[in-house]
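Down below is the structure, laid out as C-alpha cells.
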Amino acid sequence: MSHQYPGPEQPYRGGPVPYMPPPPPKKGMTGLAITGIVIGGIFAFIVVIGFIGAAAGGKDSSTDSKGSADTVSSAPEAAPAEKPAAKPAEKKEAPAAPVKVTAKKTVFVPGVLHDGGAYTSVRVTIMNNSDKKISVNPLYFTITDTDGTKHTAELAVDENQIDTVDLAPGENISGAVTGKGSFTAKYVTYVDGLLGEGVRGNVS
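Quick note: numbering that gives the first Met the number 0 has the sequence shown finishing at residue 203, numbered continuously throughout.
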C-alpha cells in the first residue's frame, strides 16, 4: 500500500501548509571585530612576556641577594701582622785612650829662672786612663806652633810649670809647659819616658 503526498498544488490534508520564511543569510565578521581580536591577542602576548620577565627578574634578584648575603657573611681578611719596630742600635762608646792630653792657651808667668827673654806657655792637662802608672815630666812635652816648628820645654822659666810626678790609673795633673820665643801654639805632644808613643793634644 503506497502513501501519496500531496503535491504543491494539492492542499495538505490537515489544511493549508503554513508559510516558512527563508533563513537569514550568514553575515561575515566586520572589520571592527577583527581589529578587536588582533588587539586582544597582542595584549595577551604582552602579558605573557611580562610574566616571564618578572619571573626571570625575581630569580636574578634572589641570586644577587644570596650573593650579597654570602659576601657579607664571609670572614674578613686578617690584617698583616705589624713588624716590631727595630730598636735603635746602641752606640758603643769608644774606649778611652790610655793617656789623654788637653791643652789651652795661657799667660806666661815668669819664674825664678826667667832670663828676661820671650817665652810662650801652654796649660796642659794629662789624664791617665790606663791600668798602670805613667810618669809626667816637663821634658816629656814639646810644643808645635802654627808654622810647624817644634819647641822643646824650657825648665823653671814659668812659675806654673807642670810638676814631675807619677800618675796612678785614673789620676790627672795640670800645669804650664813653656817654649822659648813668641809664637802661636797649635798642639802639644807628650811622650812617656821619652821613648814611649807620643800622645797629642790640640791647643784651644
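Ideal Cβ positions, reconstructed from N, Cα and C, are used throughout, including at glycine.
Residues bridged to residue i (per DSSP)
i, result
"tyrosine 118", "Lys179"
"leucine 166", "Ile133"
"tyrosine 186", "Thr143, Asn201"
"isoleucine 125", "Val100, Ile172"
"threonine 151", "Thr141"
"aspartate 157", "Pro109"
Beta-carbon spacing of residue i, residue j below 8 Å
i, j, result
"alanine 175", "threonine 105", "yes"
"alanine 96", "glycine 180", "no"
"aspartate 157", "phenylalanine 107", "yes"
"threonine 119", "glycine 200", "no"
"lysine 185", "threonine 145", "yes"
"valine 111", "alanine 155", "yes"
8 Å Cβ shell around residue i - same chain, five flanking residues per side excluded
i, result
"aspartate 162", "Val135, Ile172, Gly174"
"serine 64", "Any reading at serine 64 must be qualified, since the residue scores a pLDDT of 46, below 50, and its modelled position is unreliable; no value is offered."
"tyrosine 127", "For clarity, residue 127 is asparagine in the given sequence; the question names tyrosine instead. Correct list, in chain order: Pro97, Val98, Ile133, Leu166, Ala167, Pro168, Gly169, Glu170, Asn171."
Cβ shell of residue i (< 6 Å), same chain only, five flanking positions each side left out
i, result
"glycine 197", "Thr188, Val190"
"isoleucine 38", "none"
"lysine 149", "Thr141, Thr143"
"proline 109", "none"
"glycine 147", "none"
Candidates the options, of which the one nearest residue i by Cα
i, options, result
"glycine 195", "Ile48, Ala43, Val98", "Val98"
"glutamate 153", "Thr143, Asn159, Gly147, Leu138", "Leu138"
"threonine 101", "Gly115, Phe140, Pro109", "Phe140"
"histidine 113", "Gln160, Asn128, Ile125", "Gln160"
"serine 129", "Gly40, Ile41, Glu170, Thr34", "Glu170"
Near the ligand GDP: residue i beta-carbon under 7 Å from a heavy atom
i, result
"histidine 113", "The ligand GDP is not among the ligands present in this structure, which contains no ligands whatsoever."
Cβ-based neighbour list, residue i, same chain, cut-off 7 Å, excluding 5 preceding and 5 following
i, result
"threonine 183", "Asp144, Thr145"
"threonine 124", "Thr101, Asn171, Ser173"
The region 130-145 contacting the region 177-194, beta-carbon criterion three pairs below 8 Å
yes
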